[in-house]
Amino acid sequence: MLNEESNNIAESTAKGATVDLDEVEFFAKIADSWWDPKGPFKPLHILNPARIGFIRQEVEKHFDLEANLIKPFEGLRLLDIGCGGGLLSEPMCRLGADVVAVDASEKNIKTASLHAEQSGLEIDFRNNTAEALAEAGEQFDIIVNMEVIEHVADVDIYLSACRKLLKPDGIMLLSTINRTAKAYLFAIVGAEHILRWLPVGAHDWNKFITPKELAAFSEKAGFAPKAPTGFVFNPFMQKWSLSDRDVAVNYAMAVTAD
Amino acid sequence: MAEATELTSDITIIGGGLAGLTAAIGLADHGFDVTVVDRAAQEALTDVSYDGRSSALAFASCQLFEAISVWQYMEPYAQPILEIRVSDGPSLLHLHFDNETLGDGPLGHLVENRHTQIALFERMKELDNLTFLAPTKVADIKRDKASATVTLEDGRVITSKLLLGIDGRGSMVRAHAGIPTSKIDYKQHGIVCSIEHEFGHCGIAHERFLPSGPFAILPLTGNRSSLVWTEKSHLTETIMGLSDRAFQSEVQRRVGDFLGDVKIIGGRWAYPISLQYAHDYVAERLALLGDAAHGIHPISGQGLNLGLKDVAALIEVLVDARKVGLDIGSTQVLDRYAQWRTTDNASIYAITDIFNRLFSNDIEPLMLARDLGMAAVDKVVPLKNFFMSHARGTVGDLPKLLRGEKAL
Chain A
27 MLNEESNNIA ESTAKGATVD LDEVEFFAKI ADSWWDPKGP FKPLHILNPA
77 RIGFIRQEVE KHFDLEANLI KPFEGLRLLD IGCGGGLLSE PMCRLGADVV
127 AVDASEKNIK TASLHAEQSG LEIDFRNNTA EALAEAGEQF DIIVNMEVIE
177 HVADVDIYLS ACRKLLKPDG IMLLSTINRT AKAYLFAIVG AEHILRWLPV
227 GAHDWNKFIT PKELAAFSEK AGFAPKAPTG FVFNPFMQKW SLSDRDVAVN
277 YAMAVTAD
Chain B
168 MAEATELTSD ITIIGGGLAG LTAAIGLADH GFDVTVVDRA AQEALTDVSY
218 DGRSSALAFA SCQLFEAISV WQYMEPYAQP ILEIRVSDGP SLLHLHFDNE
268 TLGDGPLGHL VENRHTQIAL FERMKELDNL TFLAPTKVAD IKRDKASATV
318 TLEDGRVITS KLLLGIDGRG SMVRAHAGIP TSKIDYKQHG IVCSIEHEFG
368 HCGIAHERFL PSGPFAILPL TGNRSSLVWT EKSHLTETIM GLSDRAFQSE
418 VQRRVGDFLG DVKIIGGRWA YPISLQYAHD YVAERLALLG DAAHGIHPIS
468 GQGLNLGLKD VAALIEVLVD ARKVGLDIGS TQVLDRYAQW RTTDNASIYA
518 ITDIFNRLFS NDIEPLMLAR DLGMAAVDKV VPLKNFFMSH ARGTVGDLPK
568 LLRGEKAL
């Protein structure tokens, strides 16, 4: 239900923008909205600690890393697909990873680059797609693939590109929304219509993927999938936590090269 | 300015007093690069005349000092509090707390502030990622979306992700950020001094509610005690102006004879008593801790303990943020600290304020009510445990450090 790729605010502002508008100032404004924890991307900011917690936990396990390191991802090359304003790219960089972040929207890339620079972080942002990177023969230790797959036109083609991008001993982290009645209620009725977290029509329930299907798609692309982990939202605490059992709405899955 | 030295650190702290230095050490101990700025020199901060007060450190505060390896330097100067006796002036009905009811070690420790400060400096020497700049004054503070920059009068410039104002009641950091405060003036002063006495105190702390305000006798190491004598502000000047001999006999009269002959040691100090709180604990790239955020009436000895709770909560929030790669100075991270601490502090202000209003007067029905109240609380074990847990600082949503654990 959360999608970093469709930046409707940026899109609509772009149409009304004049040609001679100072570009930096223009993107700085969008960056402000991306990075405002109470702004239009509030749900992503709230979800971020939980999903990064999941990424960290899986990467630590996979590479057998020492616990509680300040920069656990040091020496690892990481790809962030569909990076949006860089809400995941920046934390990954702070955790020590050598980050390449791609997004299909040029506006997102410019916005994210500007914000990372202001934050003093070195991240290689590219206006590119996973398919093009795979074509070029790039490879990564970690691929972060969060809230992207439910927006992809052809899951098979997309995942086989991801498979090419992953080093033989690497790990990919996927997250998406389950196709259950609860997910329909929560993501579409709740997040779009009631909470107005997302624009109506941001999600198509029919494109949601169950954990079983995601595992099957991954296997077909040559990945070995692990058991899914659910993200459970506590509306009173305004906080997400990880759950081994409840994968009915948002969930994540780690997959490794087969 | 062109040749000014440029320093960068994760966190800059204004204020190197007890709470400020504890925060600096705690953060450095958890791997953050910290710079502390204070206008007073290190020697001045530990001088006998600088701060004559002692603090009743709640059990939870001692746990914090233990967790960040400061306690070892304080322990020789720490007097365990084994029992607290609360009484209402001449009344015989009283409330009595002892550690045997809770069965988990002393209720807290009494330590002279000076010794805590020295212990903190000892521990500071062991940390390479902690820089202490003093004496020096802040000339300018600038904050923006990405960082906080502090310019010192000597031209040095410190840039960091987060600025902490732990610079006391009259906080300049708070003033710079334009954060308003609210204040209740109790028109009382706390007169503080130390005494030496003939008989041992057996680790018992006494709190007596006299009409002018609470009078506390707090056990220090050896045959010594620290006194906190709350007095109406208009009488304070007269008392402070008394000759040593006259002052001593006033003290003896209030203490009574259970400690034998008492003798004043060192100086006497008077501090105005008021409850003050900042309307916000955080702003862009900035957080307030300790007295800069809230000063409370010292009636329940919670002042420093509350400040240390701020410190423990902030360290935990920042460590959690770093664990998931978040920007430690971002609004999202600082808001969690503010929410955590405002909820907890608000309840303590209220309790302290009510306590003081209830006990600082001579109205007959109220006196009777509170006597009966105290006698009743003394008989009801769960209620008593509740008050004791409060005194030990072990209630509420406790940061890990206050449980003696690292915030990892």
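Going line by line, the protein sequences match chains A and B.
If you're matching positions, the first sequence starts at 27 in this note's numbering and goes up one per residue.
If you're matching positions, the second sequence starts at 168 in this note's numbering and goes up one per residue.
Ideal Cβ positions, reconstructed from N, Cα and C, are used throughout, including at glycine.
Note that the coordinates shown come from a computational prediction; the quantities given were computed from them, not determined experimentally.
Residue j beta carbon less than 7 Å from that of residue i
i: ILE251 (chain B); j: ALA383 (chain B); result: no
i: THR303 (chain B); j: LEU185 (chain B); result: no
i: ALA278 (chain A); j: PHE89 (chain A); result: no
i: LEU456 (chain B); j: SER228 (chain B); result: no
i: TYR448 (chain B); j: ALA460 (chain B); result: yes
i: SER129 (chain A); j: CYS109 (chain A); result: The sequence shown places Asp at residue 129 (chain A), rather than the Ser named in the question. Yes. Within cutoff.
i: ASP167 (chain A); j: LEU102 (chain A); result: yes
i: ALA479 (chain B); j: LEU231 (chain B); result: yes
i: THR282 (chain A); j: ALA250 (chain A); result: yes
i: LEU223 (chain B); j: LEU385 (chain B); result: The sequence given here has Ala at residue 223 (chain B), not Leu. Contact: yes.
i: ARG336 (chain B); j: ASP458 (chain B); result: yes
i: ARG220 (chain B); j: LEU330 (chain B); result: no
Interface flag, residue i vs chain A, CB-CB below 7 Å
i: THR498 (chain B); result: yes
i: LEU493 (chain B); result: yes
i: ALA313 (chain B); result: yes
i: LEU575 (chain B); result: yes
i: GLY337 (chain B); result: no
i: ARG570 (chain B); result: no
i: GLY193 (chain B); result: no
i: GLY198 (chain B); result: yes
Residue i burial status per 10 Å Cβ neighbour count (16 or more: buried)
i: VAL577 (chain B); result: Past the edges of chain B, shown from 168 to 575, lies residue 577 (chain B), and the structure says nothing about it.
i: ASN94 (chain A); result: exposed
i: HIS356 (chain B); result: buried
i: PRO349 (chain B); result: Inspection of the sequence shows that residue 349 (chain B) is occupied by Ser rather than by Pro. Answer is exposed; the Cβ neighbour count stays below 16.
i: GLN264 (chain A); result: exposed
i: ALA213 (chain A); result: buried
i: CYS158 (chain B); result: Because chain B in this structure spans residues 168 to 575, residue 158 (chain B) falls outside the shown range and cannot be described.
i: PRO577 (chain B); result: Outside the displayed range of chain B (168 to 575) lies residue 577 (chain B), so it cannot be described from this structure.
i: ASP205 (chain B); result: buried
i: LYS292 (chain B); result: exposed
i: PRO378 (chain B); result: exposed
i: GLY427 (chain B); result: exposed
i: ALA574 (chain B); result: buried
i: ARG375 (chain B); result: buried
Residues bridged to residue i (per DSSP)
i: ASN94 (chain A); result: Answer is none; ASN94 (chain A) lacks a bridge partner.
i: CYS109 (chain A); result: None; CYS109 (chain A) has no bridge partner.
i: MET198 (chain A); result: A:ILE169, A:VAL281
i: SER327 (chain B); result: B:SER176, B:ALA315
i: LYS350 (chain B); result: B:GLN443
i: GLU374 (chain B); result: B:VAL253, B:ALA383
i: LYS309 (chain B); result: B:THR316
i: ILE181 (chain B); result: B:VAL204, B:GLY332
7 Å Cβ cutoff, residue i in contact with chain B
i: ASN260 (chain A); result: no
i: GLY256 (chain A); result: no
i: HIS88 (chain A); result: no
i: PRO66 (chain A); result: no
i: PRO9 (chain A); result: Outside the displayed range of chain A (27 to 284) lies residue 9 (chain A), so it cannot be described from this structure.
i: SER59 (chain A); result: no
i: GLN83 (chain A); result: no
i: GLN165 (chain A); result: no
i: GLY2 (chain A); result: Nothing about residue 2 (chain A) can be reported from this structure: the residues present for chain A run from 27 to 284 only.
i: ARG120 (chain A); result: yes
i: HIS177 (chain A); result: no
i: CYS94 (chain A); result: According to the sequence provided, residue 94 (chain A) is Asn. The question's Cys does not apply to it. Yes, ASN94 (chain A) counts as interfacial toward chain B.
i: GLN264 (chain A); result: no
i: GLU139 (chain A); result: Looking at the sequence itself, residue 139 (chain A) is Ser, so the reference to Glu does not match. So, not an interface residue.
i: ALA115 (chain A); result: Per the sequence shown, residue 115 (chain A) should be read as Ser rather than Ala. It does not: the Cβ of SER115 (chain A) has no partner Cβ on chain B nearer than 7 Å.
i: SER269 (chain A); result: no
i: SER145 (chain A); result: yes
i: PRO251 (chain A); result: no
i: PRO69 (chain A); result: no
request  = For the stretch 247-261 of chain A and the stretch 162-177 of chain A, state whether three or more C-beta atom pairs, one from each stretch, are separated by less than 8 Å.
outcome  = No contact exists between the stretch 247-261 of chain A and the stretch 162-177 of chain A.
inquiry  = Contact between the stretch 319-329 of chain B and the stretch 293-303 of chain B is defined here as three or more beta-carbon pairs at a separation below 8 Å; is this criterion met?
reply    = Yes, the stretch 319-329 of chain B is in contact with the stretch 293-303 of chain B.
inquiry  = Three or more C-beta pairs under 8 Å: does that hold for the stretch 351-368 of chain B against the stretch 427-437 of chain B?
reply    = With contact defined as three or more Cβ pairs closer than 8 Å, the stretch 351-368 of chain B and the stretch 427-437 of chain B are in contact.
task = Flag this pair as touching only if the stretch 322-341 of chain B and the stretch 239-248 of chain B have three or more C-beta atom pairs under 8 Å; answer yes or no.
result = Inter-segment contact for the stretch 322-341 of chain B and the stretch 239-248 of chain B is absent: fewer than three beta-carbon pairs are separated by less than 8 Å.
message = Quick check: the stretch 434-450 of chain B against the stretch 171-191 of chain B, are at least 3 beta-carbon pairs closer than 8 Å?
response = Contact between the stretch 171-191 of chain B and the stretch 434-450 of chain B is absent: fewer than 3 CB-CB pairs across the two stretches fall below 8 Å.
query = Contact between the stretch 183-201 of chain B and the stretch 480-497 of chain B: three or more CB pairs below 8 Å?
reply = As far as the Cβ criterion goes, the stretch 183-201 of chain B touches the stretch 480-497 of chain B, which means the pair count is three or higher.
task = Please determine if the stretch 138-156 of chain A and the stretch 241-251 of chain A are in contact, where contact requires at least 3 C-beta pairs separated by less than 8 Å.
result = The way I'd put it, the stretch 138-156 of chain A doesn't touch the stretch 241-251 of chain A; fewer than three beta-carbon pairs between them come closer than 8 Å.
message = Quick check: the stretch 67-75 of chain A against the stretch 181-198 of chain A, are at least 3 beta-carbon pairs closer than 8 Å?
response = With a cut-off of 8 Å, the stretch 67-75 of chain A and the stretch 181-198 of chain A do not count as touching, because too few Cβ pairs lie within range.
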